[in-house]
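Position 296 (the sequence shown) corresponds to 366 in the working numbering; numbering is contiguous. Step one of this worksheet: look at the structure below.
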Amino acid sequence: MSALDLSALIRRRQYLRGVTASVLAPALISSLVPRSALAASGKGVTLRFSHVVAEETPKGLAANRFKVLVEQRSGGRIRVLIYPDTQLYGDADEMQALQLGAVDMLAPSLSKFGPIGFPEFEMFDLPFLFGQVADVRRITQGPLGQRLLERLKRHGMIGLGYFDNGFKQMSANRPLLSPADFVGLRMRIQASRVIAAQMRALGAQPVSLPFSETRQALEAGVVDGTENPISNFWTQRMDEVQTDLSLTEHGYLGYAVVVNQRFWLSLSLDDRELLEQALREALAYGNKIADAQNDKALAALRQAGTTRIHVLSEAQRERLRHAVEPVHKALASRIGLSWINAMRDALNQHT
Ligand code: SIN
């Protein structure tokens, strides 16, 4: 990235978040200082972990658990600074910021790797592909998942692991129970071609927006609806701007944890091991609580009474599934046929 791009990135942050230069500059400046000397001498290490969702989500809670474990086990020598809720970087710039070294760790949703040159990650977005989270884990916890993470090195990132949020639900200001209900709606999506194709197959118009801008866009009527697991929907209080949530469970949302390669290589082997172990435990914790967080959010939503909740019948889900079926074939060449085949093999292995 050129100096020009860098200053544009900083200006964008300042504009978007109203953050003063004095807050952002230290993060960027410290990224330019080699840390290897510090790490090698056993001195302090600071790891900046940025993410876009609220703390009371599976990702927010897993990130906080990681911080606690690392700081405890290193006796405070390794500090983990968590920036949740797009406080530091959002979907529009977090990947760039990581590659630049302005932040050290991210946990973007798997859908967000397609636009930066890894369309194979969009396999996880294929609608109605996974019956349960255990199916996803056949990919993420096996050799295929590892091969996908290995690819990220091409862009200066090290992939350290995966974890789940859960299944996405559709929301709008009307129930979304059949393909006809989607016709003409502008639906906010993550920047994934597979998700865009899914919305088009349903008759809706996909509008790609950063997560942090979604609630406002719904409120302003820039978009009519969206899709997300309930914990994201609830913690952004999208219920205040959407009258109906339809429990479609049509697609999966999960994350990959990535670190800046230079940062990672600057750490001692012992520190890397400590971080990897803490992350393994934090991700296992995230996976364990993900369903409970989504259930808790659903209960809170019911309690709030702001949004009508619709449970789909099997026949209704089947009609949606049928409508989006062509997406699998249409997007196979974007994802890559060899990846699709490897994915099918992984899914069939334990059935
Ligand atoms: C996230 O869970 O990280 C955000 C997902 C989205 O952008 O919809």
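From the three backbone atoms N, C-alpha and C, an ideal C-beta is built for every residue, glycine too. The structure presented is a predicted model; accordingly, all values stated were derived computationally and were not measured.
Along the chain, where does the alpha helix (DSSP H) containing residue i start, and where does it finish?
i	result
Leu288	Thr284 to Ala290
Ser301	Ile300 to Thr305
For the putative contact between residue i and residue j, defined by C-beta atoms under 8 Å, what is the C-beta separation to the nearest angstrom?
i	j	result
Met240	Ser316	5 Å
Asn235	Pro154	Rounded, the Cβ-Cβ distance is 14 Å, inconsistent with contact.
Tyr325	Ser179	6 Å
Leu139	Ala352	6 Å
Leu168	Asn330	5 Å
Pro280	Gly160	5 Å
His320	Phe200	That belief does not hold up - the Cβ atoms of His320 and Phe200 are roughly 10 Å apart, past 8 Å.
Gln260	Ser181	4 Å
Leu222	Val327	At roughly 11 Å, the Cβ-Cβ gap does not stay under 8 Å, so Leu222 and Val327 are not in contact.
Gly212	Ala416	6 Å
Leu246	Gly291	Not confirmed; about 17 Å, so no contact.
Trp409	Met193	6 Å
Gly171	Arg332	6 Å
Lys238	Leu323	5 Å
Ala314	Ala374	According to the sequence provided, residue 314 is Asp. The question's Ala does not apply to it. Actually they do not touch by this definition, with Cβ atoms about 14 Å apart.
Thr305	Glu126	5 Å
Val394	Ala271	5 Å
Leu337	Val173	Between Val173 and Leu337 the Cβ distance is about 16 Å, and since that is not below 8 Å, they are no contact.
Asp341	Ile148	6 Å
Asp195	Ile300	Going by Cβ atoms, the distance from Asp195 to Ile300 rounds to 18 Å, so no, they are not a contact pair.
What span of residues does the beta strand (DSSP E) with residue i cover, start to end?
i	result
Leu345	Counting along the chain, Leu345 falls outside any beta strand (DSSP E), though it belongs to the alpha helix (DSSP H) covering Leu339 to Ala374.
Phe183	First-last for Phe183: undefined, no H or E at that position.
Val327	Tyr322 to Asn330
Ser262	Neither: Ser262 is in no beta strand (DSSP E) and is coded neither H nor E.
Glu141	Where Glu141 is concerned, there is no enclosing beta strand (DSSP E), although the alpha helix (DSSP H) it sits in stretches over Pro128 to Arg143.
Arg149	Ile148 to Tyr153
Pro276	Gln275 to Ser278
Val115	Val115 to Ser120
Leu317	Asp314 to Leu317
Should residue i be labelled buried (16 or more other beta-carbon atoms within 10 Å of its own) or exposed?
i	result
Asn411	exposed
Gly130	buried
Glu190	buried
Ala369	exposed
Asn418	exposed
Thr156	buried
Arg208	buried
Arg118	buried
Arg263	buried
Thr318	buried
Glu388	exposed
Leu407	exposed
Ala250	exposed
Val381	exposed
Ser72	Residue confidence for Ser72 is low, a pLDDT of 40 falling below 50, so the modelled location carries little weight; the figure read from the coordinates is stated next. Ser72 should be labelled exposed.
Thr377	buried
Val343	Checking the displayed sequence, the identity of residue 343 turns out to be Glu instead of Val. Exposed, by the Cβ-count rule.
Val253	exposed
Ala177	buried
Asp365	exposed
Ser403	exposed
Ala109	Note on Ala109: pLDDT 47, under 50, position unreliable in the model; the coordinate value appears next. Flag for Ala109 reads buried.
Pro396	exposed
Ile80	Note that Ile80 scores 42 on pLDDT, short of 50, meaning its location in the model is unreliable; the coordinates nonetheless yield the value given after this. It is buried - the Cβ of Ile80 has at least 16 other Cβ atoms within 10 Å.
Lys399	exposed
Arg135	buried
Gly215	buried
His392	exposed
Lys137	buried
Val103	Summary for Val103: the model assigns pLDDT 41, below 50, so the residue's position carries little reliability; its value from the coordinates is reported in the next sentence. Val103 is exposed by the Cβ-count criterion.
Gln312	buried
Ala133	buried
Ser383	exposed
Taking 7 Å as the line, does the beta carbon of residue i fall inside it for any heavy atom of the ligand ATP?
i	result
Arg208	Looking at this structure, you won't find the ligand ATP anywhere; what it does contain is the ligand SIN.
*Can you check the region 370-413 for any alpha helix (DSSP H) of at least 4 residues that lies completely inside it and give the ranges in chain order?*
384-400 and 402-405
*Whole beta strand (DSSP E) runs in the region 166-248 with 3 or more residues, listed along the chain?*
227-237 and 239-242
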